[in-house]
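Each residue of the first sequence is one higher than the last, beginning at 820 in my numbering. Even for Gly, the Cβ is constructed at its ideal location relative to N, Cα and C. Scroll down for the structure; my scribbles are underneath it.
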Amino acid sequence: MTPGELVDVIANALRECVAAGTIAVTVEELPSAPVVERPKNPEHGDYATNVAMQLAKAAKTNPRVIAAALADQLAGTPGIAGVEIAGPGFLNIRIEASAQGVLARDVVEAADNYGRSDTLAGQRFNVEFISANPTGPLHLGHTRWAAVGDAIASVLDAAGADVDREFYINDRGVQMDLFGASIMAAANGQDVPENGYRGAYIADLAAEVVAADPDIRQLPSDEQSIAFREAGYRLQLKQQQETLNSFHTYFDSWFSERSLHADGGVERALEKLREQGHVYTEDGAVWLRTTDFGDDKDRVLIKANSDLTYFASDCAYYVNKRDRGFTTCLYLLGADHHGYVNRLKAVAACAGDDPAKTIEVLIGQLVKTMRDGKEVKLSKRAGEIVTLTDLVDEVGVDAARYTLIRYPADSPLTLDLGLLVKRSNDNPVYYVQYAHARISSVLRNAAELGLNWRDGDIAFDPALLATDREGELLRAIGDFPRVVASAAELREPHRVARYLEDLATAYHRFYDTCRVLPRGDEPVEALHVSRLWLCAATRQTLSNGLTMLGVSAPERM
RNA sequence: GCCCCGGUAGCUCAGUCGGAUAGAGCGACCCCCUCCUAAGGGGUAGGCCAGGUGUUCGAUUCACCUCCGGGGCACCA
């Protein structure tokens, strides 16, 4: 019996208690999904529920009285071995080994689908993340979202949502012009322009552009700057794309800001906002009255000099996303953008949407990087950049991704690069991967012994998976769907990582005390076969979880 | 000044709607391989959950205040 099934069993039992009058509340006061948790203390049973305490107030009785009524109702339910009332009114429930053990077979048969659900079915998410300017390499600040954003998208997908990963290319505006001018200056051996870009990569880009087009330097200054900008843009964007590919982060679309301007998207969006009646002109500029919807101040769309603001692009981009049919636009932004939250929501409201439904902004706190106890500053100006590529070169994709994903994105994170490299073998990712490799090894050995656990003569018998360690492992496996669903709902993929660590621990503990394969001349028995099913189920769950995080599940280590 | 995030073991951090004795990894110390991967398992030490007030059967969790860190306030992009 899985926790999900147990929830249903308890919910039914509660309704029957109410019908029989043994619990004095109305059906409406019952929780639709009573909380079922796994107690830390094994003496408290396999599962526990606090529903009696929650109903005590409505029923105006002692929680233990309610717990007793529920316990009577649950006793005798197939699969339930025992029910005890404990403490202030907890109900501790024990599951029969056979009812718990069938999960091993269910998981193996579900295969890649184990853990998937339809809790978010019907929702279309646009998950936008990174969205760096194409004016430099991706650095560690982008890396956190490269890993976490991708994992959020995967987790949403596992929960049944329709998900697009999108990278918004800020390929328009002053920064792009500065970028072009900086490359041109480097190519011609001139000083870096004011506020321009420094760093070795600018010189590298300049050299590459000139190598591909030696005549570029003959162009008049204005044209040359644009030519360098466009050539540098193509190279830099390509490099970003390759970097992300190497980091196993793949986007469904690379959305160009320029395209919004080229195809009239900006005009259409402005028109839409006008129709909704939130646009006005003042001091020669055109404004959006975002203060109608909780923003601190109104925002300029078109400056007095008739230039469009970046904010105008933001509005057009939002309208464009909605036109493409996305029900929820997820923006994954850095902490330095938190001031945008209210104005983005105001944009949605100005466009006639309910921002509570269509916009969701997740703010990722900054990653502070240390090396040997000293802070490493990320400074494009100074040219000292810890790039995503550097990180991957140092610690590998799996370790880098996993390390970034296992912490919630909304808490500040300190990474010591030196430590990360030095202790790479102690990184939790290897602990989880090792469990997967270890199981793979056991299954390989079984195959070499000619032991056909899956459809051989000796049948799987769930009742044989009856030791404490086997029970722990089964319950850990059984938690996976709930963990994935809550990770999706809360947009917190770190829960999956932490869960995998717990699952790996449960497996290692099981392995330590439960012999799986027959040794020496021992005959193959149902216990061996049943434990192999349990191993296979564990491996499948580990693999599904790691895949969701974009981390590989190795057969050997 | 206003807004956002954080303060939990020596270090880095978990701990959805309030629950039983606050957890993990690393670091320290001690055990466990004639047998399926020891990148493993078991154990010891280490805590005023920043501080205060309130809400209640019960607060690390919720509310308010204070202190300490990080980030943000543009007709910049």
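Indicate the three-state DSSP secondary structure (helix, strand or coil) for GLY960 in the structure shown.
-> Here GLY960 sits in helix by DSSP.
When DSSP labels each residue in this structure, what does PHE1285 get in the three-state scheme?
-> For clarity, residue 1285 is Ala in the given sequence; the question names Phe instead. Coil at ALA1285, not helix or strand.
Neighbour-count burial assignment, ARG1375, 16 or more Cβ in a 10 Å radius = Residue burial is scored here from C-beta neighbours: ARG1375 has fewer than 16 other C-beta atoms within 10 angstroms and is therefore classed as exposed.
What does a CB cutoff of less than 6 Å around GLY1364 pick up in its chain, not counting 5 residues either side in sequence?
-> Once the five neighbours on either side are set aside, the close Cβ partners of GLY1364 are VAL1315 and LEU1319.
The alpha helix (DSSP H) spanning ASP1280 covers which residue range?
-> Going by DSSP, ASP1280 is part of no alpha helix (DSSP H) at all; its letter is neither H nor E.
Does the distance from the C-beta atom of ALA966 to that of ILE1224 stay below 7 Å?
-> Closer than 7 Å, so yes.
Where the alpha helix (DSSP H) containing ASP990 begins and where it ends = From DSSP, ASP990 is part of no alpha helix (DSSP H); its letter is neither H nor E.
Looking only at C-alpha atoms, which of GLU903, ILE971 and ALA923 sits nearest to ARG883?
-> Closest in C-alpha terms to ARG883, from the list GLU903, ILE971 and ALA923, comes GLU903.
Contiguous beta strand (DSSP E) assignments of at least 3 residues, all confined to the segment 1204-1263 | Fully enclosed beta strand (DSSP E) runs of 3 or longer: 1232-1235.
Helix, strand or coil for GLY1369, going by three-state DSSP, please let me know.
-> In this structure, GLY1369 counts as coil in the three-state DSSP scheme.
Output the boundary residues of the alpha helix (DSSP H) element that contains VAL1160.
-> It spans 1159-1169 - the alpha helix (DSSP H) in which VAL1160 sits, taken as one unbroken run.
Kindly list the residues whose CB is nearer than 8 Å to the CB of LEU825, restricted to its own chain and excluding five residues on each side of it in sequence; keep chain order.
-> Excluding positions up to five away in sequence, the list reads VAL855, TYR866, ILE912 and ILE914.
What are the partner residues of ARG924, as DSSP defines its beta bridges?
-> Beta-bridge analysis with DSSP links ARG924 to no other residue.
Go through its chain and collect everything with a Cβ distance to HIS1313's Cβ below 7 Å, but skip five positions before and after it.
-> Closer than 7 Å at the Cβ level, and outside the excluded window around HIS1313, lie ILE1224, ARG1225, TYR1226 and PRO1227.
Cα-Cα separation, VAL846 to ASP931 = Looking at the two C-alpha atoms, the distance is approximately 38 Å.
Between GLY999 and ARG1048, is the Cβ-Cβ spacing less than 7 Å?
-> Yes. Within cutoff.
Apart from the five residues just before and just after ARG1162, which ones in its own chain have a Cβ nearer than 7 Å to its Cβ?
-> So the list reads THR1109, ASP1114 and ARG1118, once near-sequence residues are dropped.
Residues that ARG1118 bridges to, as DSSP identifies them = Under DSSP, ARG1118 shares a beta bridge with LEU1107.
For SER1072, name the three-state secondary structure that DSSP assigns.
-> DSSP places SER1072 in strand when its eight states are reduced to three.
Just reading off the alpha helix (DSSP H) that VAL1085 is part of, what are its end residues?
-> Note, VAL1085: alpha helix (DSSP H), 1084-1094.
Taking HIS1327 and VAL1335 to be in contact with their CB atoms under 8 Å, please state how far apart those CB atoms are, rounded to whole angstroms.
-> Between HIS1327 and VAL1335, the beta carbon gap of about 13 Å keeps them out of contact (Cβ cut-off 8 Å).
Start-end ranges of the beta strand (DSSP E) lying completely within the segment 892-957, minimum 3 residues | With a minimum length of 3 residues, the continuous beta strand (DSSP E) runs that stay inside the segment 892-957 are 899-905, 909-914 and 943-947.
Same chain, Cβ closer than 7 Å to CYS836, five either side skipped, listed in chain order = Cβ neighbours of CYS836 beyond the five flanking positions: ILE842, ALA888, LEU889 and GLN892.
Would you mind giving the Cβ-Cβ distance between ILE1178 and LEU1152, rounded to the nearest angstrom? I have them listed as a contact below 8 Å.
-> No, ILE1178 and LEU1152 are not in contact; Cβ-Cβ is about 12 Å, not under 8 Å.
Is it true that the CB of THR1188 sits closer than 7 Å to the CB of LEU1406?
-> Residue 1406 is absent from the model: the chain starts at 820 and stops at 1376.
Measure the C-alpha to C-alpha separation of ALA970 and HIS1067 and round it to an integer number of angstroms.
-> HIS1067 has its alpha-carbon roughly 11 Å from the corresponding atom of ALA970.
Determine the direct distance from the alpha carbon of ALA839 to that of ASP1463, and round the result to whole angstroms.
-> Limits of the chain in this structure are 820 at one end and 1376 at the other, which puts residue 1463 out of reach.
Compare the Cα-Cα distances from ALA1307 to each of SER973, ARG1288 and ARG1141 and report the closest residue.
-> Measuring from the Cα of ALA1307, the nearest candidate turns out to be SER973.
Does the count of Cβ pairs from the segment 1037-1053 and the segment 997-1017 closer than 8 Å reach three?
-> Yes, they touch.
Since ARG1141 is in the alpha helix (DSSP H), which residue starts that stretch and which ends it?
-> 1129-1142 is the extent of the alpha helix (DSSP H) around ARG1141.
Do you know offhand how far ARG935's Cα is from LEU1107's?
-> Annotation: ARG935 to LEU1107 spans about 42 Å, alpha carbon to alpha carbon.
Determine the direct distance from the alpha carbon of GLN994 to that of ASN1377, and round the result to whole angstroms.
-> Absent from the structure is residue 1377, since the part of the chain shown begins at 820 and ends at 1376.
Buried or exposed: SER1349, going by 16 or more other Cβ atoms within 10 Å of its Cβ?
-> Buried.
Buried or exposed by the 16-neighbour rule on C-beta atoms within 10 Å, applied to LYS1122 = With fewer than 16 other Cβ atoms within 10 Å, it is exposed.
State whether the segment 1209-1216 contacts the segment 1058-1072, with contact taken as three or more CB pairs (one from each stretch) at a distance under 8 Å.
-> Pairwise C-beta distances place the segment 1209-1216 in contact with the segment 1058-1072, as three or more of them are shorter than 8 Å.
Exposed or buried, which one is GLY920 when buried takes at least 16 other CB atoms within 10 Å?
-> With at least 16 other beta carbons inside 10 angstroms of its own, GLY920 counts as buried.
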